[in-house]
Amino acid sequence: MANILVTGGAGYIGSHTAHQLIARGHNVQVADNLSRGHRHNVAPERLHVVDLADTPRLTALMREQQTDAVIHFAAYIAVGESTKVPELYFTNNVGGSLSLLNAMTEAGVRRLVFSSTAAVYGMPARVPITEDMPFEPLSPYGESKVMVEKILGWMDQFRGLRSIALRYFNACGAEPDSGLGEEHEPETHLIPLLFRAIRTGQPVTIFGDDYDTPDGTCIRDYIHVSDLADAHILAVDHLLKGGASDAFNAGTGSGFTVMEVLRAVEEVTGRKVPYSLGPRRDGDPATLVADSTKLQRTLKWTPRRSHIKAIVQDAWAFEQKRVAR
Ligand code: UDP
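Our numbering numbers the first residue of the sequence shown as 4 and each following residue consecutively.
And the structure:
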């Protein structure tokens with residue numbers, strides 16, 4: 004049993020991870036300012052409504068809880084928004100992380116799991132993507148994650164802070180039995196938008212069908228949020244056992260086109276998805292697929308729920324609960 008602080012634990016991946024940590028008997032506290040997360044995702048006795056910028060409160064919280072490790076999710080995640088208000092992304096994602104790191108130094112906490120992203124690679128020269136490929140982010144969002152990964156490298160060297168960065172590919176799915184799932188506002192992700200199109204009858208726009216892929220739509224590596232949560236648990240266990248700092252891709256190694264996902268949604272829901280074809284979205288690479296061999300070998304991680312049908316089934320079951328709420 005360890006004392007673990009989860010920042011952004013009221014958000015999508017954070018809430019699933021916190022839930023699994025609790026199920027394994029850890030003492031979990033959540034720090035979230037609820038700017039994008041949801042109060043209903045966290046039990047009230049675990050929730051500390053605090054901003055990442057508030058270094059003294061984070062320090063006090065970690066001292067009081069005798070925190071052993073931090074899993075740091077709290078960040079803004081919308082690529083498009085980051086190109087419109089880059090300051091917001093650097094302030095919150097980089098400045099917020101620095102404030103957290105300062106608090107960790109003050110409180111003597113030296114283990115951190117960090118939410119990174121496939122967006123650190125930009126348009127990769129080849130797929131599947133391995134961790135040694137260069138950082139070439141195409142947005143302030145991607146750059147903000149690169150910056151924090153680099154800071155973590157220096158913190159390892161000069162502060163003895165051991166960290167693991169998990170570079171997520173396309174997180175999706177839900178744990179409907181726990182009432183947890185994806186609810187971003189505004190929503191930009193494909194599967195929830197396909198559901199919305201079914202619900203409202205308003206067509207979803209497919210961003211480009213002239214890519215160099217079998218059906219012309221983009222290929223992504225869709226990973227179930229429960230499998231991502233597992234990866235965080237393995238990462239924090241590794242650090243608590245004295246493991247070294249590292250970075251891992253978290254994806255399945257298989258890709259699906261936008262149209263394949265749309266067809267899976269139609270199959271699972273038994274409903275037609277109204278859609279229209281639109282232009283490409285800026286900065287979208289044709290194919291993003293992870294080579295996650297390193298994560299599988301080093302941390303003994305196995306994706307279990309990341310089949311497109313299981314993903315859509317879980318997401319759809321959550322969608323019914325969310326809409327009924
Ligand atoms: N996509 C789309 N229409 C939408 C939202 C997404 O065609 O309304 C496509 C997008 O171009 C990408 C894939 O769906 O190829 C997944 O996009 P999402 O925003 O969910 O994740 P990303 O790949 O940007 O992390």
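For each residue, glycine too, the CB sits at the ideal point set by N, CA and C.
| query | result |
| --- | --- |
| Sequence-distant residues of the same chain with beta carbon closer than 6 angstroms to residue 141, five excluded per side | 125 and 286 |
| Segments assigned beta strand (DSSP E), at least 3 residues, entirely inside the region 93–165 | 114–120 |
| Member of 274, 198 and 166 whose CA lies at the smallest distance from the CA of residue 155 | 166 |
| Coil, strand or helix - residue 238 by DSSP | helix |
| Neighbourhood of residue 320 by C-beta distance below 8 angstroms, restricted to the same chain and skipping five residues each side | 177 and 179 |
| One or two residues paired with residue 251 in a DSSP bridge | 169 |
| Reference residue 298, options 237, 137 and 21, closest by Cα | 237 |
| Buried versus exposed, by CB contacts within 10 Å (16 or more), residue 326 | exposed |
| Validate contact between the region 268–281 and the region 235–252 using beta carbons, cut 8 angstroms, 3 pairs | no |
| Cα-Cα separation, residue 246 to residue 114 | 10 angstroms |
| The region 286–296 / the region 130–139 touching (three or more Cβ pairs under 8 angstroms) | yes |
| Ligand 1 heavy atom lying under 6 angstroms from the CB of residue 29 | no |
| Cβ-Cβ distance between residue 55 and residue 103 below 7 angstroms | yes |
| Beta-carbon spacing of residue 255, residue 306 below 7 angstroms | yes |
| Three-state secondary structure (DSSP) of residue 80 | coil |
| Top-ranked residue by Cα proximity to residue 16, from 27, 205 and 253 | 253 |
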